[in-house]
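Count the sequence shown with the numbering used here and you get residues 179 to 653, in order.
We put the CB at the ideal spot given by N, CA and C, even for glycine.
All values reported here derive from a predicted model rather than from experimental measurement.
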Amino acid sequence: MRITVMGTGYVGLVTGTCLADLGNDVQCFDIDQAKINRIEGGDIPIYEPGLNSLIERNMKTGRLSFSSDIDSSVAFGDIIFIAVGTPSMEDGSADTRQVLQAAKSIGALMTNFKVVVNKSTVPIGMADIVGETITSELNTRFNSMNCERPGFSVISNPEFLKEGSAVEDFMRPDRIVLGIESSEDGNKAREMMRKLYAPFNRNHERTFVMNVRSAEFTKYAANAMLATRISFMNELANLAERVGADIDSVRQGIGSDPRIGYSFLYSGTGYGGSCFPKDVQALQYTANSNGLPLKILSAVEAVNQRQKYVIAEKISAYFDNNLEGLTFAIWGLAFKPNTDDMREAPSRVLIKELLTRGARVIAHDPVALEAAQVAFKEDLKDHPELSNQLQFCENAMDILEGADALILLTEWKEYKSPNFAQIKSLLKQALIFDGRNLYEPQIMQEQGFIYEGIGRRASPVDLLFAQSSAKAETA
Ligand SMILES: NC(=O)c1ccc[n+]([C@@H]2O[C@H](COP(=O)([O-])OP(=O)(O)OC[C@H]3O[C@@H](n4cnc5c(N)ncnc54)[C@H](O)[C@@H]3O)[C@@H](O)[C@H]2O)c1
């Protein structure tokens with residue numbers, strides 16, 4: 179089949195490449211010409227395991243091409259995926275301008291039947307607005323002409339891939355959600371999408387067809403549910419510290435219940451990334467506009483904001499509220515492993531806090547250093563003097579020399595079994611703050627570390643933190 183994908187970010191690039199790999203002819207379009215030039219030159223702007231080789235292979239066969247030419251891109255595909263960004267507006271609502279711009283271009287240029295697929299995460303009801311936008315463009319072009327206008331159907335096909343395993347998730351989806359209205363054009367679209375996704379349904383049917391608004395809602399509901407589990411566990415982790423329980427034991431104790439399951443029950447430094455924060459906010463905005471505020475989601479968001487400061491509070495308690503002149507080594511900057519995505523990464527909040535309080539920070543990440551430099555340039559633009567206190571380094575062990583503590587913020591594989599004896603010999607003191615509960619408190623203590631995780635069983639630092647928090651609250 180002939181496919182156009184509009185937007186070559188994490189979702190568009192993966193969607194286009196994977197569909198080409200299945201034998202379709204795909205043209206990926208982006209308004210960012212520099213990005214297209216980079217991709218065509220073999221320099222893939224995002225890190226996603228397995229993606230580079232797949233792009234290279236499919237470009238070689240000629241099934242996958244890239245373009246910043248809108249005319250040829252709209253003409254190319256019978257199915258056009260819209261996979262552009264929908265970031266948050268100030269008021270929490272989704273900024274749909276990129277989607278509308280894509281829709282406008284389609285309406286302005288299409289000359290044959292198109293299935294327009296909303297793959298971007300969009301507010302409930304957006305497919306109607308995309309349809310109206312296309313119709314309005316067609317009206318402008320065809321009203322005065324005595325010829326037949328091309329038909330189209332706007333459908334919703336939200337994406338559930340996870341950054342860091344996006345290719346794998348796309349190629350082995352646990353579900354494909356399609357929102358399609360029943361009409362002549364809708365039925366045509368349904369048939370074309372059935373054909374397109376047939377390779378994923380061979381083993382068993384994975385496609386759920388529903389009305390468009392239900393499909394749009396499903397995406398928000400999924401992310402809101404996952405964010406809720408994270409905030410729930412984070413809040414319990416903080417309580418576990420006060421009552422001397424170990425949140426990881428609790429996690430296993432509840433995860434073994436099949437009604438609960440083990441996934442997404444880890445406590446840490448709060449959720450980040452490009453999706454959960456903005457999607458939780460956008461769903462709240464929709465709920466508020468409909469006069470039905472979602473109280474649970476307000477709490478989920480508030481807990482998450484607070485959780486981003488938990489490690490900073492522990493550090494502050496340990497160093498008697500004085501971080502001036504201290505040096506902290508940070509392992510992991512990306513919001514999660516296997517990606518270079520720095521959007522809403524908790525590392526940004528913690529590092530800014532440490533710098534503001536007079537500390538020096540030296541940070542390592544296996545793939546996100548370039549993206550991190552861009553992110554911190556933005557974060558520190560109002561305080562450029564703080565950037566002198568921040569350094570990045572490509573070697574994880576090198577940054578430990580003379581540091582006052584190691585802080586772990588992303589659970590990259592290479593941090594899982596490090597040489598602890600070497601870490602101990604390099605640090606000024608054997609002190610680890612583990613924002614991902616990657617290590618076992620017991621083992622760390624046996625190895626002579628002062629170790630502070632999130633909600634792990636009480637250690638001397640836990641007690642110290644609990645006492646100082648209690649003091650702060652009674653003050
Ligand atoms: N990143 C994820 O893990 C993920 C997962 C599921 C769903 N989503 C959703 O998918 C959508 C895309 O997310 P992303 O992370 O890939 O975004 P992104 O910001 O990485 O990429 C968006 C791309 O769209 C391009 N663009 C903007 N306007 C355009 C236009 N009019 N025509 C063509 N290209 C245009 C931009 O230049 C950019 O390259 C969002 O709605 C997001 O919520 C993202």
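Contact with chain B by S334, beta-carbon distance below 8 Å: Absence of chain B from the displayed structure is noted, only one protein chain being present.
Assigned secondary structure, K238 (DSSP; H/G/I helix, E/B strand, else coil): helix
Nearest residue (CA-CA) to E485, options L547, G450 and A583: Note on residue identity: the sequence assigns Gln, not Glu, to residue 485. For Q485, the nearest C-alpha among the options comes from G450.
Separation of Y487 from N499, as counted between CA atoms: 14 Å
Contact set for F254: own chain, Cβ-Cβ below 7 Å, skip 5 residues either direction: R180, T182 and Q205
Host beta strand (DSSP E) of Q569 (start-end): L568 to F570
Under the three-state DSSP convention, the category L609 falls into: strand
Rounded separation between G422 and A415 - CA only: Note on geometry: alpha-carbon atoms of G422 and A415 lie some 10 Å from one another.
Rounded Cβ spacing between G364 and A393 (contact assumed at less than 8 Å): With a Cβ gap of about 13 Å, G364 and A393 do not count as contacting.
Cutoff 6 Å; reference E256; Cβ partners in own chain excluding five residues on either side: For the sequence presented, residue 256 should be read as Asp rather than Glu. Here the set comprises R180.
Through-space distance from S476 to S283, alpha-carbon basis: 37 Å
Inter-residue spacing [alpha-carbon to alpha-carbon] between T406 and D347: 22 Å
Under 6 Å, CB to nearest heavy atom of ligand 1: contacting residues: M184, G185, T186, G187, Y188, V189, G190, F207, D208, I209, D210, K213, A261, V262, G263, T264, Q276, Q279, A280, S298, T299, E337, L339, E341, S452 and C453
Cβ-Cβ separation, D612 to L578 (assumed contact under 8 Å), whole Å: Not quite, the Cβ-Cβ distance comes to about 14 Å (not below 8 Å), so this is no contact.
CA-to-CA distance, M371 to L191, given in whole angstroms: 19 Å
Continuous beta strand (DSSP E) stretch holding D203: start and end: Per DSSP, D203 belongs to the beta strand (DSSP E) from D203 to F207.
CB of G185 within 8 Å of CB of I260, strictly: yes
T464 versus I508, A399, G446 and S452, residue with shortest Cα-Cα distance: Nearest Cα to T464 within the set I508, A399, G446 and S452: A399.
Cβ pair count under 8 Å reaching 3, the stretch 372 to 387 against the stretch 259 to 274: A contact is defined here as three or more CB-CB pairs under 8 Å, and the stretch 372 to 387 fails this definition with respect to the stretch 259 to 274.
Nearest neighbour of G194, chosen from E556, M349, T517 and R327 [CA to CA]: M349
Coarse secondary structure for L197, derived from DSSP in three states: helix
Three-state secondary structure (DSSP) of G536: coil
Nonlocal neighbours in the same chain, by C-beta distance under 7 Å from G439, ignoring five residues either side: Only G433 meet the Cβ criterion.
CB contact flag (A460, S266, <8 Å): Cβ atoms of A460 and S266: closer than 8 Å.
Own chain partners of S331 with C-beta closer than 6 Å, once the 5 adjacent residues on each side are dropped: V293, D363, G364 and A367
Status (buried if at least 16 other CB within 10 Å, exposed otherwise) for K649: Low per-residue confidence applies at K649: pLDDT is 48, beneath 50, and the placement is therefore not dependable, though the value from the model is reported in the following sentence. With fewer than 16 Cβ atoms within 10 Å of its Cβ, K649 is classed as exposed.
P336 versus E479, N296, I209 and I217, residue with shortest Cα-Cα distance: Comparing Cα-Cα distances from P336 to each of E479, N296, I209 and I217, the minimum goes to N296.
Cβ-based burial, N380 [other Cβ within 10 Å; buried from 16]: Looking at the sequence shown, residue 380 is not Asn but Arg. Exposed, because fewer than 16 other Cβ atoms sit within 10 Å of the Cβ of R380.
Three-state secondary structure (DSSP) of M388: strand
Residue interval of the beta strand (DSSP E) (run including I508): T505 to W509
Nearest residue (CA-CA) to G187, options P562, S298 and W509: S298
Check whether L558 and A490 have beta carbons under 8 Å apart: no
Spatial distance of K594 from T505 (CA atoms): 23 Å
Beta-carbon contacts of G228 that lie in its chain and below 8 Å, excluding the five residues immediately before and after: V345 and E346
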